[in-house]
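Trainee: Protein chains in written order, with my numbering: chain A, 1 to 325; chain B, 1 to 325.
Where is the CB? At the ideal position from N, CA and C, for every residue including glycine.
Source: prediction; values computed, not measured.
Protein chains: 2
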Amino acid sequence: MGGEFAAIERLRRALPGPPAGEVWIGDDAAVLGPGQGRLLVTTDLSVAGVHADLALIGLDDLGWRALAAAVSDVAAMGGRPDGAVVAVAGPPSTDLDLLYDGIAGAAQSHGCPVVGGDLSSAGDLVVAVTVAGHVDGGPGPVLRSGARPGDAVLVTGPLGAGAAGLRLLRAAASGTGGAALGTGTGVGSGEDLQAVMAHRRPWARLAEGETARRAGATAMIDVSDGLLADVGHVADASGVGYRLEDVPVAPGATMDEALGGGEDYELVLSTPDPVRLTAAFVDAGLRAPVLIGWCTADTAERTRAGKPTMALGWEHPWGEGSVRT
Amino acid sequence: MGGEFAAIERLRRALPGPPAGEVWIGDDAAVLGPGQGRLLVTTDLSVAGVHADLALIGLDDLGWRALAAAVSDVAAMGGRPDGAVVAVAGPPSTDLDLLYDGIAGAAQSHGCPVVGGDLSSAGDLVVAVTVAGHVDGGPGPVLRSGARPGDAVLVTGPLGAGAAGLRLLRAAASGTGGAALGTGTGVGSGEDLQAVMAHRRPWARLAEGETARRAGATAMIDVSDGLLADVGHVADASGVGYRLEDVPVAPGATMDEALGGGEDYELVLSTPDPVRLTAAFVDAGLRAPVLIGWCTADTAERTRAGKPTMALGWEHPWGEGSVRT
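(1) So, does the segment 270–288 of chain B touch the segment 151–163 of chain B, judging by three or more C-beta pairs under 8 Å?
(2) Which word fits A:S46, buried or exposed, when buried means at least 16 other C-beta atoms lie within 10 angstroms of its C-beta?
(3) Going along the segment 129–159 of chain A in order, which residues come within less than 7 Å of chain B, judged by CB to CB distance?
(4) Just the Cα atoms here: how many angstroms apart are B:A20 and B:P149?
(5) Nearest to A:G58 by CA position, among A:L99, A:A30 and A:A76, is which residue?
(6) Can a CB atom of chain A be found closer than 8 Å to the CB of B:G33?
(7) Distance check for A:A128 and A:A66, CA to CA, integer angstroms please.
(8) By the three-class DSSP mapping on this structure, what secondary structure does A:G306 have?
(9) List the residues that DSSP assigns as beta-bridge partners of B:W294.
(10) Run through DSSP, which three-state label would B:M220 get?
(11) Measure the Cβ-Cβ separation of A:A75 and A:D222 and say whether it is below 8 Å.
(12) Excluding the five sequence neighbours on either side, which residues of its own chain have a C-beta within less than 8 Å of the C-beta of B:P113, listed in chain order?
(13) What is the residue span of the alpha helix (DSSP H) that B:R170 lies within?
(14) Under 8 Å between C-beta atoms, does A:A14 make it to chain B?
(15) Which value, in whole angstroms, describes the spacing of the CA atoms of B:V247 and B:R205?
(16) Sorted by chain position, which residues of the same chain lie with C-beta nearer than 6 Å to A:T185's C-beta, five sequence neighbours on each side aside?
(17) Pull up the distance between the alpha-carbon of B:V231 and that of B:P158, whole angstroms please.
(18) Out of A:A104, A:G160 and A:E301, point me to the one whose CA is closest to A:D61's CA.
(19) Enumerate in chain order the residues of its own chain whose CB-to-CB distance from A:G175 is below 8 Å, with the five nearest sequence positions on each side excluded.
(20) Kindly list, in the order they appear in chain A, the residues whose Cβ is closer than 7 Å to that of B:G216.
(21) Mind checking who B:G133 pairs with in its DSSP beta bridge?
(22) Check whether the segment 278–296 of chain A touches the segment 234–252 of chain A, counting contact only when three or more Cβ pairs, one atom from each stretch, lie closer than 8 Å.
(23) Could you give the DSSP three-state label for B:I57: helix, strand or coil?
(24) Under 8 Å between the Cβ atoms of A:G117 and A:V88?
(25) Run down chain D in chain order and give the residues with a C-beta less than 8 Å from the C-beta of B:W294.
(26) Indicate whether at least one CB of chain A lies closer than 8 Å to the CB of B:W64.
(27) When you compare each of A:Y265, A:V126, A:A288 and A:H199 to A:R276 by their alpha carbons, which one comes out closest?
(28) Which residues, taken in chain order from the segment 91–125 of chain A, show a beta carbon closer than 8 Å to some beta carbon of chain B?
(29) Could you spell out where the beta strand (DSSP E) holding B:A331 opens and where it closes?
(30) Is the shortest distance between the beta-carbon of B:L267 and the beta-carbons of chain A less than 8 Å?
(31) Buried or exposed: which applies to B:G285, given that a residue is buried once 16 or more other Cβ atoms fall within 10 Å of its Cβ?
(32) At what residues does the alpha helix (DSSP H) containing B:D230 begin and finish?
(33) Determine the closest residue to A:G133 out of A:G190, A:V196, A:T42 and A:S189, with distance taken between C-alpha atoms.
(34) Evaluate A:L259 with the Cβ neighbour count: other Cβ atoms within 10 Å of its Cβ, from every protein chain shown; 16 or more gives buried, anything less gives exposed.
(35) Return the first residue and the last residue of the alpha helix (DSSP H) that B:G190 is part of.
(36) Go through its chain and collect everything with a Cβ distance to A:G17's Cβ below 8 Å, but skip five positions before and after it.
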């Protein structure tokens, strides 16, 4: 029955569309209401066994990741979160205290209070986090659809750490890399620990998203499906092609992980003025974004280092129960 | 590990509380932001086998009920819905078109567009609907905590139809009442059909909630857990007792179903001036609410027709997978 993207596209077509000035299905978050201070709403599912392997990470990690992933969608619009509601369905044996501990930790760290929720029994653990936020002064929310030919493409940091962390955790679980994780008898390298933490405790780039919006970003998305998949979403929505060159790879990660691994939650954005945008990041005390390529007028052009990009990003396998990363 | 209410109370205690003027966990919807036009956010889970029995109703009914239940929480604050996001986790075999059909129907009927969503595979079908709304002029959102001794208690309509409809559907499924449902060879009574539709396609009382807010309701809640349970929530939050007299019973329903059955989505509210409130309903072209009793100063007083009320309402059995109604 097709992948997640196809199913969401089908839902979009089945439902009435938004009035002028609003954005509904198809961006990182929906935009409601006219003018400044517009309401952002986004929802994100985390299913044990699909989005997180509880043999590798804790319930508190799952909770943290669920909240951070939803907040990241607000970051990708250049917005600020106002609050989250958390719906939890799961087996009665679920350690709710541990799950809520991770949710509460991420909520506090991201300045996004948990303001409500619902709870039910179910066979699998399913956590649905919805975040409401707003855009505070300056330009409106940054959509996926605003990139123009000639715009530079930048990323807010090196990629692939989340996928590398998952690989290290799997190796440790299969007994081939336990020392790399700080578990058991040995302690792994700093890089390995960093990657594992990137998988267990990802961060939404709120300050980066807001700074990019104020400094003239034309399109923005968070790296949740994988860099090439997410740049592809922007290209599709904007009607542009792209030519990527060097991509920064996180310590301990491979280039494949940087291009295809998801859930890094760095932001990818386009702008006609990368110098102004970079200066704004530095002025705000943020790490300078990295220029990774350019938008082009030929919508069929999708290359990295001169070669056509394969669809290295993945989508959630609606139809399979496998862990997706 | 206690019921749903205990788990939510534990979550509330584990998390930081709201600043003055905001309401987080514990009411029908959370209230964010100061002043008029405050943002309402609420989330509601519908799990196949827990909240809906797919042997008795269709996936479209489940979708309709999921959206209506979340919108009802906005109605119970006296607010208007701005949009819903819908997260669906379920088996790959799920007929998404049928599910979305019911969701879209309820969205259109309630004036609450679906503006976003997420989708994942999972063992059970879990639908989490989050609605964002606002309060539009006049007094602020009506909380559960505002009832005062001497206030009248009113309900916006007769109760028990949802529970009666479920009973009729079960009887039909077991072969003892098929004719009552308009299925198979016979057609049941109009009352029976009405009850079945109340279960399959409930409505949120948005106009009633807004009218009550503007006409001086001091506390309000929707009947989702059952009248006595929900009046109990108001009494707990407000620090009052109650003395209920006659309760209007929906056609085809029993008094037990009216007192204990949930998911009717009528609103129960308190006001010091039931005449003014009733006049406002009539002026707005709405069915006059029914006075069912009074709030009292003795928090231990909880009676109906002079007798102490048992806890006839139920709560979701976190720990059991049974259909709850």
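Mentor: Walking through what the data contain:
(1) yes
(2) Start at 1 with the first residue of the first sequence, and residue 46 of chain A comes out as number 46. When all chains shown are included, A:S46 counts as buried.
(3) Flagged, chain order: T130 and A132.
(4) In the second sequence, the residue the question calls residue 20 of chain B occupies position 20. In the second sequence, the residue the question calls residue 149 of chain B occupies position 149. Using only the alpha carbons, I get a separation of about 24 Å.
(5) For the purposes of this step, residue 58 of chain A is taken as the residue at position 58 of the first sequence. Closest option to A:G58, Cα to Cα, is A:L99.
(6) Working through the second sequence from its first residue, we reach residue 33 of chain B at position 33. Yes, because at least one Cβ of chain A sits closer than 8 Å to the Cβ of B:G33.
(7) For the purposes of this step, residue 66 of chain A is taken as the residue at position 66 of the first sequence. For the purposes of this step, residue 128 of chain A is taken as the residue at position 128 of the first sequence. Roughly 8 Å separates the two Cα atoms.
(8) Counted from its first residue, the first sequence places residue 306 of chain A at position 306. Coil at A:G306, not helix or strand.
(9) Here residue 294 of chain B refers to the residue found at position 294 when the second sequence is read from its first residue. B:A152 and B:R243.
(10) Counting from one through the second sequence, the residue named residue 220 of chain B turns up at place 220. Correct three-state label for B:M220: strand.
(11) Residue numbering aside, residue 75 of chain A sits at position 75 when the first sequence is read from its first letter. Residue numbering aside, residue 222 of chain A sits at position 222 when the first sequence is read from its first letter. Yes, they are a contact pair.
(12) The residue you call residue 113 of chain B lines up with position 113 of the second sequence. Counting only residues of its own chain and dropping the five nearest sequence neighbours on each side, B:P113 has a CB closer than 8 Å to the CB of G83, A84 and A107.
(13) Counting from one through the second sequence, the residue named residue 170 of chain B turns up at place 170. Run containing B:R170: A161 to A173, per the alpha helix (DSSP H) assignment.
(14) Numbered from its first residue, the first sequence carries residue 14 of chain A at position 14. Answer yes: the Cβ-Cβ gap between A:A14 and chain B drops below 8 Å somewhere.
(15) Taking the first residue of the second sequence as 1, we reach residue 247 of chain B at position 247. Taking the first residue of the second sequence as 1, we reach residue 205 of chain B at position 205. Rounded to whole angstroms, B:V247 to B:R205 spans 18 Å at the Cα level.
(16) Translated into the one-based positions of the first sequence, residue 185 of chain A becomes position 185. Any reading at A:T185 is ruled out, since the residue's pLDDT is 35, under 50, leaving its predicted position unreliable.
(17) Looking up residue 231 of chain B in the second sequence gives position 231. Looking up residue 158 of chain B in the second sequence gives position 158. Cα-Cα distance, rounded: 15 Å.
(18) Your numbering for residue 61 of chain A matches position 61 in the first sequence. When each option's Cα is compared against that of A:D61, the closest is A:A104.
(19) Here residue 175 of chain A refers to the residue found at position 175 of the first sequence. Around A:G175: no qualifying Cβ.
(20) On the second sequence, position 216 is the one that residue 216 of chain B refers to. In chain order: nothing, as chain A lies at least about 26 Å away.
(21) The residue you call residue 133 of chain B lines up with position 133 of the second sequence. B:G133 is bridged to B:L40 and B:P81.
(22) yes
(23) By one-based count along the second sequence, residue 57 of chain B stands at place 57. B:I57 falls in the coil class under three-state DSSP.
(24) On the first sequence, position 117 is the one that residue 117 of chain A refers to. On the first sequence, position 88 is the one that residue 88 of chain A refers to. Yes, the pair counts as a contact, with Cβ atoms nearer than the cut-off.
(25) The structure shown has no chain D; the protein chains it does contain are A and B.
(26) Taking the first residue of the second sequence as position 1, residue 64 of chain B is located at position 64. Answer no: the Cβ-Cβ gap between B:W64 and chain A never drops below 8 Å.
(27) Reading the first sequence from its first residue, position 276 is the one you call residue 276 of chain A. The shortest C-alpha separation from A:R276 is found at A:A288.
(28) P92, L96, D97, Y100, D101, A104, A107, Q108, P113, V114, V115, G116, G117, D118, L119, S120, S121, A122, G123 and D124
(29) Since the first residue of chain B shown is 1 and the last is 325, residue 331 of chain B is not available in this structure.
(30) Against the second sequence, residue 267 of chain B aligns to sequence position 267. False, the Cβ-Cβ gap to chain A never drops below 8 Å.
(31) In the second sequence, counting from the first residue as 1, residue 285 of chain B sits at position 285. B:G285 is exposed by the Cβ-count criterion.
(32) In the second sequence, the residue the question calls residue 230 of chain B occupies position 230. B:D230 -> alpha helix (DSSP H) spans L227 to S238.
(33) Here residue 133 of chain A refers to the residue found at position 133 of the first sequence. Comparing Cα positions, the closest option is A:T42.
(34) What you label residue 259 of chain A is simply residue 259 of the first sequence in a count that begins at 1. The residue in question, A:L259, is buried, as its Cβ has 16 or more Cβ neighbours within 10 Å.
(35) Counting from 1 along the second sequence, the entry for residue 190 of chain B is found at position 190. Counting along the chain, the alpha helix (DSSP H) containing B:G190 begins and ends at G190 to R200.
(36) As a position in the first sequence, residue 17 of chain A is number 17, starting the count at 1. For A:G17, where only same-chain residues beyond five positions count, the Cβ hits under 8 Å are W24.
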